[in-house]
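Going by the working numbering, the sequence shown opens with residue 437, and the numbers climb by one from there.
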Amino acid sequence: MPDQTLLGQFEQVVLGAVLSLGKNAYGVTIHARVVELSAPRGVTRGAVYATLDRLEDKGLLTSWLSEPAKERGGRARRYYRLEKSGEQALRESAEAAKRLYDTLARSLKGLAWKPLR
437 MPDQTLLGQF EQVVLGAVLS LGKNAYGVTI HARVVELSAP RGVTRGAVYA TLDRLEDKGL
497 LTSWLSEPAK ERGGRARRYY RLEKSGEQAL RESAEAAKRL YDTLARSLKG LAWKPLR
């Protein structure tokens, strides 16, 4: 059986978005941050919500509903928070990405990271 903490690239982006948003991590803000992090590739809300559900099933995230808000027509907002296991999985993924980058930089002379923006 595969290790549940191995993360796909999109899962890493979604966890990174939740981590960076802190207490303001709910569906709409998470989607907006994922769009920023994934540019220029487009991302649908459905893909983000499906990934949030999967990460919660893996025990990497926790979610809860806020109190209903009048400005939202009496609807609650679902907030998300990384669990310690989510932080650890994200840290391990970042370390693996760094090792890969370092290997490529040594093998492909002159490879230098440059921001897209």
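Glycine is no exception: its CB is placed at the ideal position from the N, C-alpha and C atoms.
Inset, instruction - Determine the contact status of Tyr516 and Leu497, defining contact as a CB-CB distance below 8 Å. - result: Cβ atoms of Tyr516 and Leu497: closer than 8 Å.
Inset, instruction - Have a look at Gly463, Gly495 and Asp489 and flag the residue whose alpha-carbon is nearest the alpha-carbon of Arg481. - result: Nearest option by C-alpha distance: Gly463.
Inset, instruction - Pull up the CB-CB distance for Leu491 and Gly522, whole angstroms please, since I reckon it's below 8 Å. - result: Indeed they touch by this definition, with Cβ atoms about 7 Å apart.
Legend entry - Neighbourhood of Gln448 by C-beta distance below 7 Å, restricted to the same chain and skipping five residues each side: Once the five neighbours on either side are set aside, the close Cβ partners of Gln448 are Leu526 and Ser529.
Inset, instruction - In angstroms with no decimal places, state the Cα-to-Cα distance between Ala548 and Ala533. - result: C-alpha separation (whole angstroms): 15 Å.
Inset, instruction - Note down the Cα distance separating Arg511 from Ala505, rounded to an integer number of angstroms. - result: One Cα belongs to Arg511, the other to Ala505, and the distance between them is close to 6 Å.
Inset, instruction - Pick out whichever of Asp538, Arg542 and Glu519 has its Cα sitting closest to the Cα of Asp493. - result: The candidate whose alpha carbon is nearest that of Asp493 is Glu519.
Legend entry - Under the three-state DSSP convention, the category Ala461 falls into: Here DSSP, grouped into helix, strand and coil, assigns Ala461 to coil.
Inset, instruction - State yes or no: is the C-beta of Ala453 within less than 8 Å of the C-beta of Arg469? - result: Against a cut-off of 8 Å, the Cβ pair of Arg469 and Ala453 comes out as a contact.
Inset, instruction - Enumerate in chain order the residues of its own chain whose CB-to-CB distance from Val471 is below 7 Å, with the five nearest sequence positions on each side excluded. - result: Only Val479 meet the Cβ criterion.
Legend entry - First through last residue of the alpha helix (DSSP H) which encompasses Leu496: That residue, Leu496, is in no alpha helix (DSSP H); it is neither H nor E in DSSP.
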